[in-house]
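Asker: Residue numbers (the numbering used here): 104 to 505.
Structure, rendered in structure tokens:
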């Protein structure tokens, strides 16, 4: 009973401390926004609330540990001073035991109880360790679209894997974020031919990013399948999917290190020629002119890069994989029209299929096909000119002169 309570309380401590540090890291990442809006005091108050919950949870564990620490001492007092001295003293008074024998019995009892105290302390440590391992196993046991072994493939190994042809098909897909509510998509079907650049557009919250997440395997469908080259994702080799599909989002992840590290993701086998080609095709070759070239220093979060450079750096990271399918979810929002056009032209020369989430008119004029997402389905699709002619909503939103 005590062990179960200790595990539960230790798990709560780990959970509350994790939340506390999570909130702290989130605030540190948003420090510029907090200062710009003068919300430092409110942010500190929010963190202090999580800190208080963590302290309360720790105090609960400390009280239980205090009882466990007192148990061996209490046991030693009852046995050594209660039983041994009381019964031994009675035997001495009756003449059946010498004073030396009584002292020896007391010493022996003390020696026997010392390991018991250590066992209690060991049991407590094991329970606390179990609580920590439960938190770790929550992450390790999380099911993802790829296997652990597949993520260990190096650039040299992945270059030998046959890549996908580039066709994508969502076949009768149903998906939602809450099983107690109606699905966001119900019977969604859509097909993209290899080598095509397709833009997804629609009102905010219509599910454009969710569709890209389904393509990337970041979300699992409730029903239906996401197929590549006519094969369902589950039927394909995970290594083949990993090497064939790359995705970039508007939430750019830039790591502290070198330019090379941010492109290769610490893969030492990726040749410099591929890195340079990816930077050039992402239209950010100017980064190579910085001191150190590929070994130029990149600060945490890309603080020494502009917003457009950060986005192009993430696209270059994707292109370095030589993917056959590239998913760009708002990852060109900080680019000007000419830069975006050069970027798409170079990606088109690579021959890979591109799925692009955007609401920029100039971008829509560059793509091969536009799919309008509305109310959980593809409402209409076609090229820019045909949609302007037949779709009233599209003509209203994008048909005017730039």
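Cβ atoms here follow ideal geometry from the backbone N, Cα and C, with glycine treated the same way.
With a threshold of 7 Å on Cβ separation, who are the neighbours of residue 462 within its own chain once the five nearest residues in sequence on each side are excluded?
Answerer: 304
Asker: Residue 368 to residue 495, Cα distance in whole Å?
Answerer: Distance from the CA of residue 368 to the CA of residue 495, rounded to the nearest whole angstrom, comes to 45 Å.
Asker: How far does the alpha helix (DSSP H) with residue 65 in it extend, from its first residue to its last?
Answerer: No information on residue 65 is available, as it lies outside the stretch 104 to 505 that the chain covers here.
Asker: For residue 248, I'd like the list of residues in its chain whose CB is within less than 6 Å of its CB, leaving aside the five on either flank, ordered along the chain.
Answerer: Confidence is the limiting factor: at residue 248 the pLDDT is only 48, short of 50, which leaves the residue's position unreliable and the question unanswerable from this model.
Asker: Could you tell me the alpha carbon to alpha carbon distance between residue 393 and residue 413, rounded to whole angstroms?
Answerer: 15 Å
Asker: Among 487, 472 and 456, which one has its Cα closest to the Cα of residue 267?
Answerer: Residue 456 is the option with its Cα nearest to residue 267.
Asker: Where DSSP assigns a beta bridge to residue 458, which residues make up the other side?
Answerer: 301 and 430
Asker: Using 8 Å for Cβ pairs, my map puts residue 315 next to residue 430. What's the rounded Cβ distance?
Answerer: Confirmed, about 5 Å.
Asker: Based on the DSSP output, what are the partners of residue 326 in its beta bridges?
Answerer: 277
Asker: With the cut-off set at 8 Å, would you say residue 349 and residue 421 are in Cβ contact?
Answerer: yes
Asker: Taking the alpha carbon of residue 328 as the reference point, which residue from 272, 499, 480 and 404 has its own alpha carbon closest?
Answerer: 272
Asker: Rounded to whole angstroms, what's the CA-CA distance from residue 135 to residue 127? Just pull it up for me.
Answerer: 14 Å
Asker: Ordered along the chain, which non-local residues of its own chain (more than five positions away) have a Cβ less than 8 Å from that of residue 411?
Answerer: 437, 438, 439 and 442
Asker: Between the Cα of residue 483 and the Cα atoms of 224, 293 and 499, which residue gives the shortest distance?
Answerer: Residue 293 is the option with its Cα nearest to residue 483.
Asker: If you reduce the DSSP assignment to three classes, tell me which class residue 398 lands in.
Answerer: Judged by DSSP in its simplified three-state form, residue 398 adopts helix.
Asker: On the three-state DSSP scale, how would you describe residue 315?
Answerer: helix
Asker: Tell me the start and end of each unbroken beta strand (DSSP E) in the segment 332-360 that is at least 3 residues and wholly inside, in chain order.
Answerer: The DSSP assignment places 348-352 as complete runs of the beta strand (DSSP E) inside the segment 332-360, in order along the chain (cut-off: 3 residues).
Asker: What would DSSP say about residue 115, mapped onto helix, strand or coil?
Answerer: helix
Asker: Could you give the distance in angstroms between the alpha-carbon of residue 493 and the alpha-carbon of residue 296?
Answerer: Residue 493 and residue 296 have their C-alpha atoms spaced approximately 23 Å apart.
Asker: Is the separation between the beta-carbon of residue 171 and that of residue 227 shorter than 8 Å?
Answerer: yes
Asker: Under 8 Å between the Cβ atoms of residue 343 and residue 384?
Answerer: For residue 343 and residue 384, no; Cβs fall outside 8 Å.
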